Each structure stands twice: as C-alpha cells, then as structure tokens.
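**Student:** In our numbering, the protein residues as written are 330 to 762.
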Ligand code: UGA
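(1) Below 8 Å between beta carbons: does that hold for residue 499 and residue 510?
(2) So, residue 692 versus residue 667, is the Cβ gap smaller than 8 Å?
(3) Considering only DSSP beta bridges, list what residue 527 is partnered with.
(4) Kindly indicate the opening and closing residues of the beta strand (DSSP E) around residue 426.
(5) Taking 7 Å as the line, does the beta carbon of residue 582 fall inside it for any heavy atom of the ligand UGA?
(6) Would residue 720 and residue 737 qualify as a contact pair, given that the criterion is a beta-carbon distance under 8 Å?
(7) Based on the DSSP secondary-structure assignment, which residues constitute the bridge partners of residue 447?
(8) If you measure between the beta carbons of residue 554 and residue 580, is that distance less than 8 Å?
(9) Is the beta carbon of residue 561 less than 8 Å from the beta carbon of residue 746?
(10) Under the three-state reduction of DSSP, which class applies to residue 582: helix, strand or coil?
(11) Reducing DSSP to helix, strand and coil, say where residue 558 ends up.
(12) Using three-state DSSP, classify residue 339 as helix, strand or coil.
(13) Using the rule of at least 16 other Cβ atoms within 10 Å of the residue's Cβ for burial, across every protein chain shown, is residue 420 buried or exposed?
(14) Runs of 4 residues minimum, wholly inside the stretch 594-677: which ones carry the alpha helix (DSSP H) assignment?
(15) Could you check if residue 482 belongs to the surroundings of the ligand UGA, using beta carbon to heavy atom distance under 7 Å?
(16) Does the beta-carbon distance from residue 551 to residue 596 come in below 8 Å?
(17) Could you tell me the boundaries of the alpha helix (DSSP H) in which residue 683 lies?
(18) At a cut of 8 Å, does the stretch 356-376 reach the stretch 462-479 through at least three beta carbon pairs?
(19) The ligand UGA and residue 450: does the residue's C-beta get closer than 7 Å to at least one heavy atom of that ligand?
(20) May I have the straight-line CA-CA distance separating residue 400 from residue 588, to the nearest angstrom?
(21) Give a yes or no on whether the C-beta atoms belonging to residue 714 and residue 646 are separated by under 8 Å.
(22) Taking residue 756 as part of the beta strand (DSSP E), name the residues at either end of that continuous run.
(23) Using the Cβ count rule (16 or more neighbours within 10 Å means buried), how would you classify residue 523?
(24) Just to confirm, is the Cβ distance from residue 486 to residue 393 under 8 Å?
(25) Comparing C-alpha positions only, which one of 623, 454, 705 and 514 sits nearest to residue 408?
(26) Does DSSP put residue 723 in a helix, in a strand, or in coil?
(27) Give the straight-line distance between the Cα atoms of residue 641 and residue 758, rounded to the nearest whole angstrom.
(28) Report the rounded CA-to-CA distance for residue 545 versus residue 625, giving the unit in angstroms.
(29) Assuming the contact rule is C-beta atoms closer than 8 Å, residue 277 and residue 470 should be a hit. Round their C-beta distance to whole Å, please.
(30) Tell me whether residue 319, by its Cβ, gets closer than 7 Å to a heavy atom of the ligand UGA.
(31) In the DSSP assignment, the alpha helix (DSSP H) including residue 692 goes from what residue to what residue?
(32) DSSP state of residue 469, grouped into three classes?
(33) Relative to the C-alpha of residue 689, which residue among 718, 507, 726 and 650 is closest?
(34) Could you give the distance in angstroms between the alpha-carbon of residue 654 and the alpha-carbon of residue 478?
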C-alpha cells in the first residue's frame, strides 16, 4: 500500500521504517527541514538502536521518501498516519495544536479516498474531532481510525516489528467501518500479535490505560521499596516473589527513582485531566502521579542526609537519560535530581553514554565527562541515575581511588550490593538493606 506518515518522531519514523521493510511504499513528512534533510541522507535526529540502518536501506531503495511537502506525501496515499507530538500543557492536558494543524493540512491536500489513522496519543474523542476538521474542508471521501502505538524508546524497532497487539479503533456507527478495519488488517498482515478491533474511543483509552497501568506498577513497587527501607526487607526479592505469579508478571516492577520520559508522566496527567473533565475522581491515578514525583525527592533526601549538606559537595552522576538505550532526557528523573543538587550548591559532574549533549542544552552549568571514571575525581559521592548496562561493570577499584569519599547511591538498583561493598564502597540503593 501507499502510506503517508505525518511526523518524523519516534513513533512516526519507526512506523515508517517498519512499514517500508514490510514492502509498503512510505512517504514520511515533517515540517522541520533539518529532520528531513538528515533523513534524505539516511540519518536520524535522535539515538534509537537499529533505526538508522533501517531508514538508510529504505531511503536508498526509494521505499521510504522523506518530504516536507503535504502535496507530495498525500498524493497517492491509501492510509495516512498522524504521528505528531502531543506535549503536555501546564494544566496537564495534551497540547493538540500539532494534531489539529496536521488535520487542516490533510484536508487541504487530500487527493484520493483513504483512511486517516491517529497514532499520536490523544485524549478520548480527538479522532472524531479530526474527522470533523477534515470533513469541513474536503470533498474527497475518507474514513478515520485510531491505532495507538506501544513501542518503547530504546527498543522501538523490535517492538514495532514484533508487537504484542495491534489495536484498531473504527467508527462504531459507520457503514465503512468493516472496510476500514479490513484495510488496516491487511496493512499489518505480516506482523504477529493479537488484533483488537474496537471503536475509536475505546482504542484511545486502551493506550492511556496501558501506560497508566504500567506507571501504577512502577509507583506501587516504589512504595513497597520505601516500606522495605523502613523494615529492612529487600524489594528485589519482593518483586521476584510477586512477579512469578503470572497474574502479576515480572515486568515493570523495578524499583528506583521513578518513571520519566515523554510518555508516562504526560499520559498519566492527561488521563487524569480526562477524568476530571468528565467529573470522575480517579483517586488511584492521582496517587500514582504523586508517588512518582515524591520518589526523586526521597532519593535526594537520602543523599543529603548521608552527606550532611550538599553545599560545595562534589557529586559524580552516572546517567542522564530517562532510561537506558536512549539519548532522551525529557522528564528524566536524573535531570531533576541534578538541578536540585546544583540549586543546593553542589558541584555536579556527569557522564551518560548517549544523552550528554541533550542534557547540556537544558542544564548549562552541568560539567560533562568523557568517561564514567572521570566523574569520580575528588567526588564526595557517586549517584547512579540511569539503568545503563555499562554501569554494572565499571573499573571500581580505580573509581574508589579517585573519589574523596567512597559512597555510591544507586537510584536504579543496578549494582549487586554484596559485590560492590567488597571493593570498600559504602553503598545505598532503593529498598534493599
Ligand atoms: C512507554 C511504554 O512502555 C510504551 O509501551 C509506550 O508505547 C510509550 O511509553 C509511549 O507511550 O510512547 P517509554 O516511555 O519509551 O515507553 O519507556 P519505558 O521503557 O516504558 O520506561 C518509562 C520509565 O519507567 C523510564 O524512566 C524507566 O526507567 C522507568 N521504569 C520502567 C522503572 O522505573 N521501573 C520499571 O520497572 C520499568
């Protein structure tokens, strides 16, 4: 099929690359010239494993065409995916201006019958609004659908190539709904995963509910971890013992400094706003959000308590990204903690395998180091704030020698407490004695 993807972010580009790999002809559109320029050279403006290789191959074969022009992108599209950003507003609601702008442009340049699919994470009812916006301005016949994306940064390509499920929401009282569902089923036919065919609003809620539930698991285990700290129990073993029950599952029970990124913080708040505007008091979700905000503060409190004061203390930080395998620092717990450390007068030096440039754009005062061991020089403490695999095996004896005080605060429970203590470190983590 001919596919147009509007928006060259994580979701848009990964979907574009995977659809091209499956043999569809794909046009990917973004209004940012620089992103398109890079794509034309087979390059991606963010770090995501496997993605540049896929893009490069597809662009070379002309299976994937990057463009800034709606006219070019939509000319022969059978299916149009809207994958633009929906960043949070101060109120917690989603800013839908990019979605509405895309709808206006689609209306203007639509040339042939097609299906417009909403892939951006949007509040309930948005896909219906998009239909209204487009319908007002075009005589071309089209249908709408909602097909939320479940990929994770850092493993976006494999999540999209091997999805657990493909959710397709179509209009419930529309004669074309069977045809629309058929087109989208056909489009995804080479991919594994259960198909969930439902209505538009339900599809939109499935996305929010999934992210909110995962966030709930994380906040829940973080509260258990805090309790473990108080009673001297081990949260890793608690998570293992709980997770072996298939009704609970092991995933997303890793205690730490809380969830970050461009999705969980935004989507939990947006869902909470949806509840408020529908006069529903979503108490559990409110608590999940609060626990997450408190978790980073509690961690800072631990560091402050141990060091007496943070003023003039040299703090070495390992990890800036909101999680491993990405250069994304949006809503990263590490970024908040570093900013608070600096506000309290600490000197912070940091290392991250991929996210240093992005972090520096936000915290200008941050001193960055080329190697993990450099952050240890004269440090009063070392903080592990992102779960990068490479931090598990650092040259610990060398690091200890460089530090003023050999204290490690592990905000991700990344390191084995027994083995690190053997090197003579004082080691503290989250919910582990
Ligand atoms: C999340 C969802 O996992 C995806 O399914 C969804 O498609 C995506 O949001 C989205 O809405 O676009 P992502 O934000 O890329 O994906 O990252 P996750 O791997 O879910 O991690 C989110 C945060 O939770 C990270 O800060 C991570 O460190 C933290 N986390 C994760 C924990 O603290 N503990 C865990 O056990 C798991």
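Cβ atoms here follow ideal geometry from the backbone N, Cα and C, with glycine treated the same way.
Just so we're clear, the structure is a prediction, and the values are computed from it rather than from any experiment.
**Tutor:** By the coordinates alone:
(1) Yes, these two residues count as a Cβ contact at 8 Å.
(2) Yes, these two residues count as a Cβ contact at 8 Å.
(3) Answer is 498, bridged to residue 527.
(4) Segment 426-438 is the alpha helix (DSSP H) holding residue 426; no beta strand (DSSP E) there.
(5) True, at least one ligand heavy atom lies under 7 Å from that Cβ.
(6) No; because the gap between Cβ atoms is not below 8 Å, this pair is not in contact.
(7) Beta-bridge pairing links residue 447 to 411 and 475.
(8) No, they are not a contact pair.
(9) With respect to residue 746, residue 561 sits apart: the two C-beta atoms are not nearer than 8 Å.
(10) It is coil, neither helix nor strand.
(11) For residue 558, the three-state secondary structure derived from DSSP is helix.
(12) In this structure, residue 339 counts as helix in the three-state DSSP scheme.
(13) With fewer than 16 other beta carbons inside 10 angstroms of its own, residue 420 counts as exposed.
(14) Listed in chain order, they are 612-636 and 662-672.
(15) Yes; taking the cut-off as 7 Å, the Cβ of residue 482 has a heavy atom of the ligand UGA nearer than that.
(16) Inclusion of residue 551 and residue 596 in the CB contact set at 8 Å is not warranted, their separation being larger than that value.
(17) That residue, residue 683, is in no alpha helix (DSSP H); it is neither H nor E in DSSP.
(18) At 8 Å Cβ cutoff, the stretches do not touch.
(19) The nearest non-hydrogen atom of the ligand UGA is less than 7 Å from the C-beta of residue 450.
(20) Cα-Cα distance, rounded: 40 Å.
(21) The Cβ atoms of residue 714 and residue 646 lie closer than 8 Å to each other.
(22) Residue 756: member of the beta strand (DSSP E) spanning 755-757, first to last residue.
(23) Here residue 523 is exposed. Its C-beta has fewer than 16 other C-beta atoms within 10 Å.
(24) 8 Å or more divides the Cβ of residue 486 from the Cβ of residue 393.
(25) The shortest C-alpha separation from residue 408 is found at 514.
(26) In the displayed model, residue 723 falls within coil according to three-state DSSP, outside both helix and strand.
(27) Cα to Cα, residue 641 sits roughly 23 Å from residue 758.
(28) So the alpha carbons of these two residues sit roughly 16 Å apart.
(29) Given that the chain is displayed from residue 330 to residue 762, the structure contains no residue 277 and the question cannot be resolved.
(30) For the chain, the structure presents residues 330 to 762; residue 319 sits outside this window and is missing.
(31) For residue 692, no alpha helix (DSSP H) encloses it, and the DSSP letter there is neither H nor E.
(32) Coil, per DSSP.
(33) In terms of Cα proximity to residue 689, the closest of 718, 507, 726 and 650 is 650.
(34) CA-CA distance, residue 654 to residue 478, rounds to 19 Å.
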